[in-house]
Amino acid sequence: MKKHRMTWLIVVLALALIAAACGDTAEETTTTAASGETTTTTAASGETTTTGAAAEPFRIAIVAPSASNDLAFTQSIVDAVDIIKAEMGNVEVQVTDGTFVVEDAAAAIRAYADDGVDLVIAHGSQYGGSLQEIAPDFPDTSFAWGTAADTFGLDNVFSYEAASDEGGYVMGVMAAALTESGTIGIVGPVEVGDAKLYVDGFIAGAESQDPKPQVLKNYTGSFSDVALASEAAQAFAANGADVMSGTAQMVVGAVTVASDADILWFGTQANQTSLAPSIVVASQVYHWEVVLRDIVAKIQAGTVGGEIYTIDLANGGEVIEYNDAFALPADVKQLGEDTIAGIIDGSITTGG
Amino acid sequence: MSDFFTTAVLVATAASGIRLAVPLLFASLGETFGQRSGVLNLGVDGIMLLGAFGGYYAVLQTGSVWLGLLVGIAVGLLLGLISAVISVTLKAEQGISGIGIYLFGLGMSDLLFQKLVGTPLPITKFPKLNIPILSDIPILGELLFQHSMVVYLAFLAVPVSMYIINKTTFGMNIRAVGENPEAADSLGVSVNRVRYATVTIGGTLAGVAGAALAIDLGIFQQNLTNAAGFIAIALVYFGAWRPVGVMLGSLLYGFVNAIVLQLKTLSIIPPNLSDFAAMAPAIFTILALVIVARRFKAPAALTKPYSRGE
Numbered sequence: 095m096k097k098h099r100m101t102w103l104i105v106v107l108a109l110a111l112i113a114a115a116c117g118d119t120a121e122e123t124t125t126t127a128a129s130g131e132t133t134t135t136t137a138a139s140g141e142t143t144t145t146g147a148a149a150e151p152f153r154i155a156i157v158a159p160s161a162s163n164d165l166a167f168t169q170s171i172v173d174a175v176d177i178i179k180a181e182m183g184n185v186e187v188q189v190t191d192g193t194f195v196v197e198d199a200a201a202a203i204r205a206y207a208d209d210g211v212d213l214v215i216a217h218g219s220q221y222g223g224s225l226q227e228i229a230p231d232f233p234d235t236s237f238a239w240g241t242a243a244d245t246f247g248l249d250n251v252f253s254y255e256a257a258s259d260e261g262g263y264v265m266g267v268m269a270a271a272l273t274e275s276g277t278i279g280i281v282g283p284v285e286v287g288d289a290k291l292y293v294d295g296f297i298a299g300a301e302s303q304d305p306k307p308q309v310l311k312n313y314t315g316s317f318s319d320v321a322l323a324s325e326a327a328q329a330f331a332a333n334g335a336d337v338m339s340g341t342a343q344m345v346v347g348a349v350t351v352a353s354d355a356d357i358l359w360f361g362t363q364a365n366q367t368s369l370a371p372s373i374v375v376a377s378q379v380y381h382w383e384v385v386l387r388d389i390v391a392k393i394q395a396g397t398v399g400g401e402i403y404t405i406d407l408a409n410g411g412e413v414i415e416y417n418d419a420f421a422l423p424a425d426v427k428q429l430g431e432d433t434i435a436g437i438i439d440g441s442i443t444t445g446g
Numbered sequence: 005m006s007d008f009f010t011t012a013v014l015v016a017t018a019a020s021g022i023r024l025a026v027p028l029l030f031a032s033l034g035e036t037f038g039q040r041s042g043v044l045n046l047g048v049d050g051i052m053l054l055g056a057f058g059g060y061y062a063v064l065q066t067g068s069v070w071l072g073l074l075v076g077i078a079v080g081l082l083l084g085l086i087s088a089v090i091s092v093t094l095k096a097e098q099g100i101s102g103i104g105i106y107l108f109g110l111g112m113s114d115l116l117f118q119k120l121v122g123t124p125l126p127i128t129k130f131p132k133l134n135i136p137i138l139s140d141i142p143i144l145g146e147l148l149f150q151h152s153m154v155v156y157l158a159f160l161a162v163p164v165s166m167y168i169i170n171k172t173t174f175g176m177n178i179r180a181v182g183e184n185p186e187a188a189d190s191l192g193v194s195v196n197r198v199r200y201a202t203v204t205i206g207g208t209l210a211g212v213a214g215a216a217l218a219i220d221l222g223i224f225q226q227n228l229t230n231a232a233g234f235i236a237i238a239l240v241y242f243g244a245w246r247p248v249g250v251m252l253g254s255l256l257y258g259f260v261n262a263i264v265l266q267l268k269t270l271s272i273i274p275p276n277l278s279d280f281a282a283m284a285p286a287i288f289t290i291l292a293l294v295i296v297a298r299r300f301k302a303p304a305a306l307t308k309p310y311s312r313g314e
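Protein chains in written order, with the working numbering: chain Z, 95 to 446; chain L, 5 to 314.
So, in structure tokens, the structure goes:
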């Protein structure tokens with residue numbers, strides 16, 4: 095009896111671990127063989143390969159803290175890498191998402207480097223410490239760390255960040271122009287990094303307008319607590335807010351509240367129109383491919399690190415994507431465009 | 005501070021607290037049944053997550069929130085049964101087997117979401133149900149009688165649970181099995197059957213909790229419950245294994261969260277204290293737990309599998 099019990103227990107626990115692993119790891123592996131080139135000896139599988147590094151697939155791996163389809167942080171990098179793959183063709187992509195826990199992410203990063211991946215993207219500021227330890231062990235592998243502005247002085251680490259305050263400022267300006275009640279709400283996770291940049295930029299933009307609206311700010315303290323974000327939005331609504339914004343993956347909870355209450359929404363990191371087509375005005379979409387193209391080119395030319403990149407409005411890394419289904423008044427849109435131009439040419443600063 | 009003490013804000017805050025309490029209330033009531041009969045189920049959060057996805061997907065496909073709730077019930081029932089098999093028949097170590105169920109639920113719900121849905125899509129939420137006459141009472145009306153059906157169901161479940169546990173034969177058996185399974189067995193009560201029933205009830209209510217959460221939020225995401233299931237388990241200890249206690253605990257947790265949110269919104273809590281404020285619900289719960297724990301004992305057979313003759 096005891097033997098069977100143990101076996102069952104092991105089976106159940108094994109299933110549980112497998113299911114957990116499958117859920118946390120979305121693996122997307124595609125290999126495209128070099129188009130039309132055949133040479134050399136026959137491989138048993140019939141796959142043809144050419145000698146020479148140019149024909150081998152360029153391997154990219156992404157390690158990220160939330161889901162690939164979170165319509166926010168992680169989605170932005172996955173979408174960008176997909177664009178690179180579409181452009182370059184001969185690219186193999188692997189993704190480990192949902193690794194908010196640093197130790198798990200570190201294990202994944204090390205495993206990819208060990209496996210001979212060309213570029214390991216550690217998409218999470220909390221991965222910095224791990225990267226500092228792992229990168230020196232693999233001098234020929236290129237690591238990209240975001241969002242951050244530090245390469246630790248290592249030759250094989252790139253880092254990238256977003257000037258999210260720029261897009262935040264533009265949307266804050268538009269939010270102030272659109273609000274009728276004079277109250278705006280913005281919800282964030284924890285007051286650090288990219289989230290803080292965006293929120294500060296948004297508030298600066300809103301408060302630069304005349305009449306100055308009241309901006310309610312709330313950091314819920316969690317990146318993933320959707321219920322809390324939802325109630326935060328309810329709290330804004332109870333205080334009369336008719337325009338809202340927010341950052342991080344839990345904002346989906348806030349967007350549904352906005353949608354029910356006919357409150358306008360400005361999104362960031364990814365295009366959030368699909369969440370609530372009737373009230374999303376615009377989203378600041380991160381186009382990391384703008385810097386990824388340069389990183390990949392450098393790697394292929396022999397430089398595996400040592401540069402810090404920023405995406406902003408000027409280099410097209412940040413794009414304000416409007417929701418076509420939303421009837422944005424022409425003068426508000428013009429205000430937005432003027433603000434973008436002002437930030438690009440330096441006449442407007444978001445540091446207010 | 006005066007901004008906070010306006011009627012509108014206070015009522016909105018309290019209503020928010022009640023909404024936040026609902027999933028915790030369902031899950032902890034369910035867990036109360038199980039624990040009262042001596043079985044600890046740490047897999048509540050996993051069951052909640054699968055119930056949440058099941059409910060979300062059902063509403064996404066059909067638009068019917070009630071079907072979503074039914075799916076939540078069905079998923080919870082199935083997982084409750086599986087939990088019962090593991091804890092009662094296989095006599096697994098309850099401190100560990102529950103975690104296995106949690107991991108399964110966490111992973112499976114995310115896997116199903118990624119494969120079947122992909123990018124999050126919003127769903128219909130529960131309609132608000134204003135109770136006639138009562139909802140017109142100033143202040144109290146908005147606070148208590150203008151919620152969705154699911155909120156009323158959750159609070160109705162409290163007296164129903166009290167009645168079952170305290171006034172029915174089944175309830176007596178639950179308590180007997182939880183305190184002294186040997187004695188209960190000797191008097192003809194089937195310990196395993198009672199525990200199967202209670203753990204299944206627990207799983208069902210956890211499934212409802214998850215479905216209620218997902219449909220109330222109108223969206224699903226990886227790890228949607230954010231460990232609410234574990235809070236629910238703690239609330240059972242807090243509530244001294246009694247439905248009323250568990251209800252008070254859920255409300256306390258919900259209210260503290262809602263109050264902290266509102267105080268932050270009104271800038272009464274400055275941003276640099278924001279992270280400390282986020283700890284408040286947990287701190288209050290621990291404090292209350294310490295005060296309450298002295299006076300109530302756990303069911304004597306909690307976490308101990310029963311075998312006749314051992």
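Built from N, CA and C at the ideal position, the CB exists for glycine as well.
Spell out the partners DSSP gives residue i in its beta bridges.
| i | result |
| --- | --- |
| Z:Glu255 | Z:Thr404 |
| Z:Arg153 | Z:Glu186 |
| Z:Gly340 | Z:Val281 |
| Z:Phe237 | Z:Val214, Z:Val251 |
| L:Lys132 | L:Ser152 |
| Z:Glu412 | Z:Tyr380 |
Among the residues of its own chain, which have a CB less than 6 Å from the CB of residue i, if the five just before and after it don't count?
| i | result |
| --- | --- |
| Z:Val214 | Ala155, Ile203, Tyr206, Ala207, Phe237 |
| Z:Tyr416 | Ala376 |
| Z:Thr134 | Note that Z:Thr134 has pLDDT 36, beneath the 50 cutoff, so the model's placement of it is unreliable and no number is given. |
| Z:Ile177 | Glu383 |
| L:Gly55 | Gly76, Val79, Gly80, Gly211, Gly214, Ala215 |
| Z:Glu122 | With a pLDDT of 37 at Z:Glu122, under the threshold of 50, the modelled position of this residue cannot be trusted, and the question is left open. |
Short check: CB of residue i to CB of residue j, under 8 Å?
| i | j | result |
| --- | --- | --- |
| L:Thr172 | L:Val43 | no |
| L:Leu217 | L:Thr208 | no |
| Z:Asp191 | Z:Ala161 | yes |
| Z:Thr362 | Z:Ser258 | yes |
| Z:Thr350 | L:Gly222 | yes |
| Z:Gly299 | Z:Gly340 | no |
| L:Ala104 | L:Leu53 | With the sequence shown as reference, residue 104 of chain L is identified as Gly, and Ala is not the correct amino acid for it. Taking 8 Å as the Cβ cut-off, L:Gly104 and L:Leu53 do not qualify as a contacting pair. |
| Z:Leu429 | Z:Ala271 | yes |
| Z:Gly344 | Z:Gly279 | Here residue 344 of chain Z is Met; the residue named in the question, Gly, does not match the sequence. Against a cut-off of 8 Å, the Cβ pair of Z:Gly279 and Z:Met344 comes out as no contact. |
| L:Ser152 | L:Phe130 | yes |
| Z:Ser170 | Z:Ala364 | yes |
Check whether the Cβ of residue i lies closer than 7 Å to any heavy atom of the ligand PLP, and answer yes or no.
| i | result |
| --- | --- |
| Z:Pro283 | Summarising the ligand content, the structure contains no ligands, and the ligand PLP is consequently not present. |
In chain L, which residues lie less than 7 Å from residue i when you measure between Cβ atoms?
| i | result |
| --- | --- |
| Z:Phe99 | According to the sequence displayed, residue 99 of chain Z carries Arg and not Phe. Ordered by position in chain L, the residues that pass the 7 Å Cβ test against Z:Arg99 are Leu94, Lys95. |
| Z:Ser324 | Leu221 |
| Z:Asp336 | By Cβ distance, chain L contributes nothing, its closest Cβ being about 15 Å from Z:Asp336, past 7 Å. |
| Z:Asp406 | Result: empty, since nearest Cβ-Cβ is about 25 Å, beyond 7 Å. |
In terms of residues, what are the limits of the beta strand (DSSP E) holding residue i?
| i | result |
| --- | --- |
| L:Arg199 | No beta strand (DSSP E) contains L:Arg199, which is instead part of the alpha helix (DSSP H) from 195 to 221. |
| Z:Gln308 | 308 to 313 |
| Z:Thr362 | 358 to 363 |
Got a sec? Which residues, its chain only, sit under 7 Å from residue i by beta carbon, not counting five neighbours each side?
| i | result |
| --- | --- |
| L:Phe8 | Gln266, Leu267, Leu270, Ile272 |
| Z:Thr125 | Annotation note: pLDDT 34 at Z:Thr125 (below 50); position unreliable, no value reported. |
| L:Ala25 | Ser254, Leu255, Tyr257, Gly258 |
| L:Thr128 | Val63, Gly67, Val69 |
Kindly list, in the order they appear in chain L, the residues whose Cβ is closer than 9 Å to that of residue i.
| i | result |
| --- | --- |
| Z:Trp359 | Those within 9 Å of Z:Trp359 in chain L number zero; the least Cβ separation is about 12 Å. |
Between which two residues does the alpha helix (DSSP H) harbouring residue i extend?
| i | result |
| --- | --- |
| Z:Glu186 | Taken as a continuous stretch (DSSP letters only), Z:Glu186 belongs to no alpha helix (DSSP H), being part of the beta strand (DSSP E) at 185 to 190. |
| Z:Arg204 | 196 to 208 |
| L:Ala188 | 185 to 190 |
| Z:Val286 | Z:Val286 -> no alpha helix (DSSP H), and no H or E assigned at all. |
Taking Cβ-Cβ distances shorter than 8 Å, what residues in chain Z pair up with residue i?
| i | result |
| --- | --- |
| L:Val13 | Ala332, Asn333 |
| L:Ser308 | For clarity, residue 308 of chain L is Lys in the given sequence; the question names Ser instead. What L:Lys308 touches in chain Z: nothing, since even the nearest Cβ is about 16 Å away. |
For residue i, which residues in the same chain have their Cβ closer than 8 Å to its Cβ, ignoring the five residues on either side in sequence?
| i | result |
| --- | --- |
| Z:Ala243 | Ser253, Glu255, Ile402, Thr404 |
| Z:Lys290 | Gly282 |
| L:Arg40 | Ile169, Ile178, Arg179, Gly182, Thr202, Trp245, Pro303 |
| L:Val15 | Ile143, Glu146, Leu147 |
For a contact defined as C-beta to C-beta under 8 Å, what are the partners of residue i on chain L?
| i | result |
| --- | --- |
| Z:Leu291 | Those do not exist, as Z:Leu291 stays about 14 Å from chain L at its closest Cβ, beyond 8 Å. |
| Z:Asp164 | Pro124, Gln225, Gln226 |
Residues of chain Z with CB closer than 9 Å to the CB of residue i, please, in chain order.
| i | result |
| --- | --- |
| L:Arg23 | Ala321, Ser324, Glu325, Gln328 |
Please list, in chain order, the chain Z residues whose beta carbon lies closer than 7 Å to that of residue i.
| i | result |
| --- | --- |
| L:Ser278 | Glu285, Tyr313, Gly315 |
| L:Pro126 | Thr350, Ser353, Leu369, Ala370 |
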